[in-house]
Structures are given as C-alpha cells and as structure tokens.
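Sequential numbering from -3 applies to the sequence shown in the numbering used here.
Positions of the beta carbon are idealized from the N, C-alpha and C atoms, including for glycine.
Keep in mind it's a predicted model, so treat the numbers as computed, not measured.
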Amino acid sequence: MVNKTDLAKPAVRILLVCLGNICRSPTAHGVLQQLIEHRGLQERIAVDSAGTGDWHIGAAPDKRSSAAAALRGYDLEALRARQVCAEDFDQFDLVLAMDRTNLKDLRAQCPTRHHHKLKLFLDYGSGSHDAVPDPYYSGAQGFELVLDLVEDACEKLLESLQDEYSLDRPVS
C-alpha cells in the first residue's frame, strides 16, 4: 500500500537542460508536460527546464520555438527561462542535457554523488541524432527538426519511466 503523503510528491522529477533555456529545453518541457497530462500522470511525474547559461533568465521561449510548437498543439507561453542551480541536482531524479556541451557543463557543476542522474536527452530517442541541435540560427526547418527529435524522445522517455517506476499501476 502506498502512503498518502508519498502521493503528494511525484515519483520522478525530470529537468531538461539546454544552453539558454529558450529553444530546445522549453520545447521538450512543453511536449513532455502535455504527454504526461494526456496520460494522467501529472501527479506522478514532474518536469521543468533550465539553461546552463544565464543570458535569458526570466525570458519567454523564443518566438520561433513557441510558434512551431503551437502548430503541433503545444503551448510554451507560460514557461520562463531559468539557469540550472545547485539545488537542481538534489531535487531532480533525471537531468537530461540536449547536447554533449551542456552535459559536460552539467557534470562540471554537479556533485559527484549525483552524476548518475545526468544523461543526454536523446539517449531516449530512436533516431540517428545523439544531440538536439540548437535551432537559434537555423531558420524554420531547425525548429521543426527539434520538434521531431523531441516528440520521439519524449515518447520513449515516458515509456521508460512508466516501466521503471511502474506508473501504469493503479495507486491503492
């Protein structure tokens, strides 16, 4: 039997990280959040996003990211950029970097005891990419590619979490 107080906190907490937290990680945040809600898992899985850099703290997602996401039915408008902080490594169960540079930066600031939480986001993807490319200077096709990669990896990530944490089992 599950303790009722355990239900107040999600079974798993995920932090999605890119450089500035205005393109890739908020896109992944919005897509994953919608999948979580559609599967009724919002009480079991929490998601947030952040950047390794501090340039855009408090800013909304890039307008091109928001527009591309909106065309596929995702709403990023409520999200605001923030920078990864020391507490994130304690509070999150998975810290998923969009590329190897951000993974390296996360490793440099993450306490050794939490290194097992750090992974590449596309480790959950099924395509040939190992990193989500930064679309900032790439035009509309770059934002579409980000969405393609993110949608695929979010589906696989959620399937993995449902298996690992037995999230499909009813809580009694």
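Through-space distance from residue j to residue i, alpha-carbon basis
i: M94; j: R20; result: 7 Å
i: P166; j: W51; result: For P166, the predicted structure reports a pLDDT of 42, less than 50, and the residue's modelled location is therefore unreliable. A value from the coordinates is still provided. Roughly 43 Å between the two C-alpha positions.
i: L37; j: C150; result: 14 Å
i: F88; j: R9; result: 5 Å
i: R103; j: G49; result: 14 Å
i: E83; j: N98; result: 17 Å
i: D101; j: P107; result: 12 Å
i: G54; j: E155; result: 31 Å
i: Y161; j: Q29; result: 17 Å
i: E39; j: P131; result: 32 Å
i: L3; j: L67; result: Interpretation of L3 is limited by its pLDDT of 48, a score under 50 that renders its predicted location unreliable; the figure taken from the coordinates is listed afterwards. If I take the Cα positions, the gap works out to 34 Å.
i: T1; j: A7; result: Only weak support exists for where T1 lies, its pLDDT of 43 falling under 50; the coordinates are left without a value.
i: G47; j: L145; result: 19 Å
i: A56; j: R109; result: 32 Å
i: D86; j: Q105; result: 12 Å
i: D148; j: Y133; result: 23 Å
i: R35; j: K152; result: 14 Å
i: K5; j: L143; result: 29 Å
i: L163; j: L157; result: 7 Å
i: L159; j: L31; result: Here residue 159 is Asp; the residue named in the question, Leu, does not match the sequence. Approximately 15 Å between the Cα atoms of the pair.
N- and C-terminal bounds of the alpha helix (DSSP H) containing residue i
i: A176; result: Lying outside -3 to 168, the shown extent of the chain, residue 176 is not represented and no answer is given.
i: V146; result: A136 to E160
i: V209; result: Limits of the chain in this structure are -3 at one end and 168 at the other, which puts residue 209 out of reach.
i: K100; result: R96 to Q105
i: D50; result: Careful: D50 lies outside any alpha helix (DSSP H) and carries neither H nor E.
i: Q79; result: Here Q79 belongs to no alpha helix (DSSP H), and DSSP marks it neither H nor E.
i: D84; result: D84 to Q87
Candidates the options, of which the one nearest residue i by Cα
i: T23; options: E160, K59 and D164; result: K59
i: L12; options: D119, L163, S134 and Y133; result: D119
i: E191; options: Q158, H25, K152 and V146; result: In the structure as shown, the chain begins at -3 and stops at 168. Residue 191 is therefore absent and cannot be evaluated.
Supposed close pair residue i, residue j - CB separation, criterion 8 Å
i: Y70; j: V27; result: 6 Å
Delimiting residues of the beta strand (DSSP E) encompassing residue i
i: I41; result: I41 to G47
i: V177; result: Past the boundaries of the shown model lies residue 177; the chain is included only from -3 to 168, so the question cannot be answered.
i: V90; result: Before going further, note that residue 90 is Leu rather than Val in the sequence given. Element bounds for L90: L90 to A93.
i: K115; result: L114 to L116
Short CB-CB distance (under 8 Å) between residue i and chain B
i: P22; result: Any reference to chain B falls outside this structure, which holds one protein chain only.
Taking 8 Å as the cut-off, does the segment 115 to 131 touch the segment 43 to 55 (at least 3 CB pairs, one atom from each stretch)?
no
Measuring CB atoms only, is the segment 133 to 142 touching the segment 73 to 84, in the sense that at least three cross pairs come out at less than 8 Å?
Between the segment 133 to 142 and the segment 73 to 84 there are fewer than three C-beta pairs closer than 8 Å, too few to call the two in contact.
Please confirm if the segment 106 to 120 is in contact with the segment 82 to 94, defined as three or more CB-CB distances below 8 Å between the two stretches.
yes
Taking 8 Å as the threshold, find out whether the segment 60 to 73 comes into contact with the segment 5 to 17 through three or more Cβ pairs.
Short answer: they don't touch.
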